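**Student:**
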Amino acid sequence: MSQWLPLLILATSLVPALLTFFLDQDQHRLRNTLNLGGALAKLGLVVYLLVDVAQGTFHEVRFDLLPGQFLLLRVDALALLFLALSALLWLLTTIYAIAYFDRKPNLSRFFGFFGLCVFATTGIALAGSLLTFFVFYELLTLSTWPLVVHKQNPESMAAGRTYLRYALPSSTVLLLAILWLQNLAGPIEFTGGPDLAGQDPDTLRVIFVLFVIGLGMKAAVVPLHGWLPAAMAAPAPVSALLHAVAVVKAGAFGFVRVIHDVFGIEQVTALGLGMPLAVLASITIIYGSLKALGQQGIKRRLAYSTVSQVSYILLGAALAGPFALIGGLAHLVHQGLMKITLFFCAGIYDERAGIRRIDQLDGIGARMPWTSVCFSLGALGMIGLPPMAGFVTKIYLGIGGLEVGAPWVIGVLGASTLLNAAYFLPLLYRIWFVESASGDRPGERPLGIVAPAVLTGLAAIAVGLFAGSAVSPLAWASLIVERTYSP
Amino acid sequence: MSPALLALVLTLPLLGALGAVAVGRHGGPVAVAAALATLAAALWLAVRVATDGAVSIAVGHWTPPLGIRLTADGPAVLFLATTAVIMTAVVLYAVHWITGPKAGADRDGPMVHTFWALLLLLWGALNVIFVSRDLFNLYVGLELASLAAVALVGIEGRRETLAAALRYLLFALTGSLLYLLGAALLYSAHGTLDLGLLAGQLGRHPSDLLALAAMTAGLAAKTALFPFHVWLPPAHAGAPPAASAVLSALVPKASLYILLRLWFDAEPDGAGPVGPLLLGGLGAAAVLHGSLMALRQQRLKLIIAYSTVAQLGYLFLVFPLVAAAGALDPAGGDAAWRGTLFQALSHALAKAAMFLCAGLIIEAAGHDRLERLAGTARALPITLFAFGLAAISLMGLPPSGGFVAKLLLIEAAFERGAAAWALVVLLGGLLAAAYLFRPLAAAWRSPDGDAPGFAPVARRRQALPMALALAALGLGLFSAGPAELMGGLP
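One line per chain: the protein sequences are A and B, in this order. Take 1 as the starting number for the first sequence in our numbering and just add one per residue. Take 1001 as the starting number for the second sequence in our numbering and just add one per residue.
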């Protein structure tokens, strides 16, 4: 066990971020080296830890804040699932962002806050207690705002305002929930969890509802999802990070922690809270898909698709059964890979061909083949076409639903799949089968913006195709669930 | 060794004030020297007290009740050190502001002759308050601090600031009179003014309740507790930014400090449940009213000034959180006590940082009207970042001193089973986010085509508010040490 590893992992994002703030705009080489170096170092550490934790080791560091209050960082299997996703996608998004922004203004500011955002996400993954989780959760809110309003135009300023209007009240509710629960049960660590037996069930229910409100905003649960489509005003790398790794995932990850490591499955089931939450997740899944159908902007359609897809994770956690949880956890990674591919591609379409609306996509497949293939991979994965990533998730969620006696989950998954197809297939049809009005071929350059999309697209196939192998996200999710159910 | 350090902390600012008067308009270097020396002594003293415990001096070797004892305990050194940090930053900021090329004042006007002496005098008076336990000694310190503060508000001699200073003077003098009345009643009843000797005695004499009420009302007026806050926004927004930083960050804390000592050191008996509830209720009203007023202001300095009204409101929640039915109940009050001190200290650091930021923005842009601040983020990135960090502490977001304060106050509210106070704290944080977001967003916007330019501001001056804002964050991140110094409810 080492105290230094969690701190070192945090430092790989924090140190480059802080140094980046002090760089001048035209120190491109130094800035890029710093950020890529940090991302690579982090990925290396995560790979080392994956091997370590698979063998059953834990790493933790504790830091006293006040009498009775402390910050705790802990590397466990669930933390690593989220950490591995963020480390990998951070590296690819950094490469993408460097190529995407090229020589645009305010880059030191951008990459500084970008690094802080990843630092906060890392902290959320490593948080070993509710208070620690909250500290990084709030830091994530704060470091994301400058990214959302990066363009500094009225549209992005409005998006930033909307974001904070949702984020700050909901995290206030989260703080209330945490402190209330701490008042009942003392500081709450994720290992073992607090002893809630003997507490008033109604009080616990109210606290749980407060948690749902506090975390539901970031996870974009209906009706707290309104900020997400608005945040599309941000530059493409930010959207990619927000949707696949950082903000929405922080919310979903928080749900998994609260349901499984704070309240515990038995307590959630005994209080009768799992099923209502699963229903809320299902409503979000269907509602997000229906809204996606009506969007004409590519990024807005993708945004509503995120609203829908993130609730798969929530559904998996709320059903409170092993199979469902495996499906939900695997989807944390699967959705990240697929959605980041789609956003990378949407960014390339916009940047190279000026395409933002769906009706502009006609015939782009022949003109921008690499981007279009990747986009199609992401979309088909989302629909759940076998053997892609989304398919694996849906199978596990479906079995999980049957397992806990909720066969209606199958219906929700079926309806969602049909809706996914309904809002993604017309795009693919336009891309590949409609004649383009113009014949010019926008260059798919530089390599830095296309290569990350190709890599994540391939990864989205691989995690589905090799889901049965020992190193897949699914296998890791199974490991987590095994440890949860047989302590 | 430690008593000598305490003596230095108390005398150096006053010696500096004398020196500044002696050298006339070249007071800057004297003030810088005095500030740095006091800062070093105050920090060293804090370290000594943290390791060895409280330090006392019996002035002239006479012990109470005949003489006066000055004691630097944990809370006292925290206030001394915080004051020293803020004052040093303000002095370093003001050196350039008074003598720089775009100086705010006439080079030979009354400003350059009096500013340093007043600032250092104020500092000396604050330090005396923090270590005194004698009600009359506290009165002298309070009166000295108030007069210096009033003079600093009107120092530029403009018509509207003079009006603000006069109004401030009226409230300050009324407050002092009420306080003096209470002190006189206590002396006639108990024959001593030493808080330590009064402990356990208060409430035995029929006039004690009146005395306590008069002193509390007087001190609350000086702390700008709602509805006695009307003097504060024009005074703090009208004073020169260097003075505003000190006035808003430190001066109201001095009267609050005396109030806390009076209530929790002397432990008045029979204060009844009404008094604490009333103070807490007015505090909550201050949080709401100050925040809503801050939301409606169009000038940066007014927003910051109304924010002070709101932030001071939290400091009064300690009374209902500690007092239980009819008497002060120390059990479970530790969280409330520490939370209040954390709030006082972190607000001081963050608020001073904000006023210095506002000063730099005014120097660069020539005004502080929100609608014309677009482009500030690009012209003064460090200043704006510092403003943002200070805002985080005022909103009570992690990892700041303000967050720790909020955490402790909410914890105390839950322990007391009075969740309504927790809701006040949480709502206040949200409102703070709302009113502080406006200047941040205004400064972040890209300027329109023909926006006026910004005068350059040296990076090392922008580093001053940054240092204060980082100190406010550090107070939260490294809160274990300060929390230990605060101790529990006395």
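Using N, Cα and C, we set each Cβ at its ideal position, and we do this for glycine too. Quantities reported herein were computed from a predicted structural model and do not represent experimental measurements.
Going by beta-carbon coordinates alone, are A1145/B and A1125/B separated by less than 8 angstroms?
**Tutor:** In this structure, A1125/B lies closer than 8 angstroms to A1145/B by Cβ.
**Student:** Given this structure, state the Cα-to-Cα distance separating V245/A from L1262/B, to the nearest angstrom.
**Tutor:** The alpha-carbon atoms of V245/A and L1262/B are separated by roughly 53 angstroms.
**Student:** Residues of chain B with CB closer than 9 angstroms to the CB of L10/A, please, in chain order.
**Tutor:** Ordered by position in chain B, no residue passes the 9 angstroms Cβ test against L10/A, which lies about 13 angstroms from the chain.
**Student:** What do you reckon, are the CB atoms on L342/A and F391/A nearer than 8 angstroms?
**Tutor:** Cβ distance not < 8 angstroms, so L342/A and F391/A don't count as in contact.
**Student:** Give me, in chain order, the residues of the same chain whose beta-carbon lies closer than 6 angstroms to that of L1477/B; leave out the 5 immediate sequence neighbours on both sides.
**Tutor:** Closer than 6 angstroms at Cβ, skipping near neighbours: P1399.
**Student:** If you check the beta carbons only, do L1380/B and I1361/B fall under 8 angstroms apart?
**Tutor:** For L1380/B and I1361/B, yes; Cβs fall inside 8 angstroms.
**Student:** Could you tell me which uninterrupted alpha helix (DSSP H) segments, each at least 4 residues in length, are contained entirely in the segment 228 to 267 of chain A, listed from first to last along the chain?
**Tutor:** Fully enclosed alpha helix (DSSP H) runs of 4 or longer: 236 to 244 and 247 to 256.
**Student:** Are the CB atoms of A1413/B and W1421/B within a distance shorter than 8 angstroms?
**Tutor:** Their beta carbons are under 8 angstroms apart, which means W1421/B touches A1413/B by this criterion.
**Student:** Count the C-beta pairs between the segment 51 to 60 of chain A and the segment 12 to 32 of chain A that are closer than 8 angstroms, then say yes if the count reaches three, no if not.
**Tutor:** Because the criterion of three Cβ pairs below 8 angstroms is not met, the segment 51 to 60 of chain A and the segment 12 to 32 of chain A do not touch.
**Student:** Please compile the residues from chain B whose C-beta is within a distance smaller than 8 angstroms of the C-beta of R161/A.
**Tutor:** Chain B residues near R161/A: F1437 and A1441.
**Student:** Between which two residues does the beta strand (DSSP E) holding S1056/B run?
**Tutor:** Residues V1055 to A1058.
**Student:** For the structure I just gave you, are there three or more beta carbon pairs, one from the segment 282 to 293 of chain A and one from the segment 410 to 426 of chain A, closer than 8 angstroms?
**Tutor:** At 8 angstroms Cβ cutoff, the stretches touch.
**Student:** Assuming contact is defined by CB atoms lying nearer than 8 angstroms, are L81/A and V333/A in contact in what I supplied?
**Tutor:** Their beta carbons are under 8 angstroms apart, which means L81/A touches V333/A by this criterion.
**Student:** Quick one: grab the DSSP three-state call for E60/A.
**Tutor:** Strand.
**Student:** Can you tell me whether L315/A is buried or exposed? The criterion is at least 16 other CB atoms within 10 Å of its CB, across all chains shown.
**Tutor:** Answer is buried; the Cβ neighbour count reaches 16.
**Student:** Considering only the beta carbon of each residue, do M1111/B and A1035/B sit closer than 8 angstroms?
**Tutor:** Contact flag unset, no.
**Student:** So what does S1207/B bridge to, in DSSP terms?
**Tutor:** S1207/B is not bridged to any residue.
**Student:** Please classify F424/A: does DSSP put it in a helix, a strand, or coil?
**Tutor:** Helix.
**Student:** Would you give the residue range spanned by the alpha helix (DSSP H) that T393/A belongs to?
**Tutor:** It spans A389 to E403 - the alpha helix (DSSP H) in which T393/A sits, taken as one unbroken run.
**Student:** Using DSSP bridges, identify the partner residues of L277/A.
**Tutor:** In DSSP, L277/A forms no bridge with anything.
**Student:** How is F323/A classed by DSSP in three states: helix, strand or coil?
**Tutor:** F323/A: helix per DSSP, three-state reduction.
**Student:** Leaving out five residues on either side along the sequence, give the residues of the same chain with a beta carbon under 8 angstroms from the beta carbon of A1103/B.
**Tutor:** In this prediction, A1103/B has a pLDDT of 48, which is less than 50 and means its spatial position is unreliable; nothing more can be read from the coordinates.
**Student:** Within its chain, find whatever has a CB closer than 8 angstroms to the CB of Q1462/B; leave out the 5 residues flanking it on each side and keep chain order.
**Tutor:** Excluding positions up to five away in sequence, the list reads L1360, L1380, I1382, T1383 and A1386.
**Student:** Among the candidates G68/A, S156/A and V258/A, whose CA atom is the shortest distance from the CA of F134/A?
**Tutor:** Measuring from the Cα of F134/A, the nearest candidate turns out to be V258/A.
**Student:** Any idea if H1367/B is buried or exposed, counting beta-carbon neighbours within 10 angstroms, 16 or more meaning buried?
**Tutor:** Classification of H1367/B: exposed, given that the 10 Å Cβ count is below 16.
**Student:** Give the straight-line distance between the Cα atoms of P487/A and L479/A, rounded to the nearest whole angstrom.
**Tutor:** Because the pLDDT of P487/A is 49, which lies under 50, any placement of that residue in the model is unreliable, and the number read from its coordinates should be weighed accordingly. The straight-line gap from Cα to Cα measures roughly 12 angstroms.
**Student:** Starting from the C-beta of A230/A, find all residues in its chain whose C-beta is less than 6 angstroms away, skip the five residues before and the five after it, and write them out in chain order.
**Tutor:** Here the set comprises A159 and T162.
**Student:** Return the chain-ordered list of same chain residues with a C-beta closer than 7 angstroms to the C-beta of V541/A, the five sequence neighbours on each side being excluded.
**Tutor:** Nothing can be reported for residue 541/A, as the shown portion of chain A is limited to 1 through 487.
**Student:** Please confirm whether A1323/B and E1411/B have their CB atoms less than 8 angstroms apart.
**Tutor:** Cβ distance not < 8 angstroms, so A1323/B and E1411/B don't count as in contact.
**Student:** Comparing C-alpha positions only, which one of M388/A, V51/A, A475/A and T371/A sits nearest to A346/A?
**Tutor:** The shortest Cα separation from A346/A among M388/A, V51/A, A475/A and T371/A belongs to T371/A.
**Student:** Buried or exposed: which applies to G468/A, given that a residue is buried once 16 or more other Cβ atoms fall within 10 Å of its Cβ?
**Tutor:** Exposed, by the Cβ-count rule.
**Student:** Taking the DSSP output, what are the residues bridged to E189/A?
**Tutor:** S129/A, per the DSSP bridge assignment.
**Student:** Can you find at least 3 beta carbon pairs, one from the segment 1228 to 1245 of chain B and one from the segment 1181 to 1192 of chain B, that sit closer than 8 angstroms?
**Tutor:** The segment 1228 to 1245 of chain B, when compared against the segment 1181 to 1192 of chain B, does not touch it at the 8 angstroms Cβ threshold.
**Student:** When Cβ atoms are compared, which residues of the segment 164 to 189 of chain A fall closer than 8 angstroms to chain B?
**Tutor:** For the segment 164 to 189 of chain A, which is checked against every Cβ of chain B, the residues closer than 8 angstroms are L164, L168, P169, T172, L175, L176, L179, W180, Q182 and N183.
**Student:** Taking the alpha carbon of A1050/B as the point to measure from, which residue in A1031/B, L1078/B, A1033/B and T1063/B has its own alpha carbon closest?
**Tutor:** Comparing Cα-Cα distances from A1050/B to each of A1031/B, L1078/B, A1033/B and T1063/B, the minimum goes to L1078/B.
**Student:** For the 8 angstroms Cβ check, are there 3 or more pairs between the segment 186 to 206 of chain A and the segment 123 to 141 of chain A?
**Tutor:** The segment 186 to 206 of chain A, when compared against the segment 123 to 141 of chain A, does touch it at the 8 angstroms Cβ threshold.
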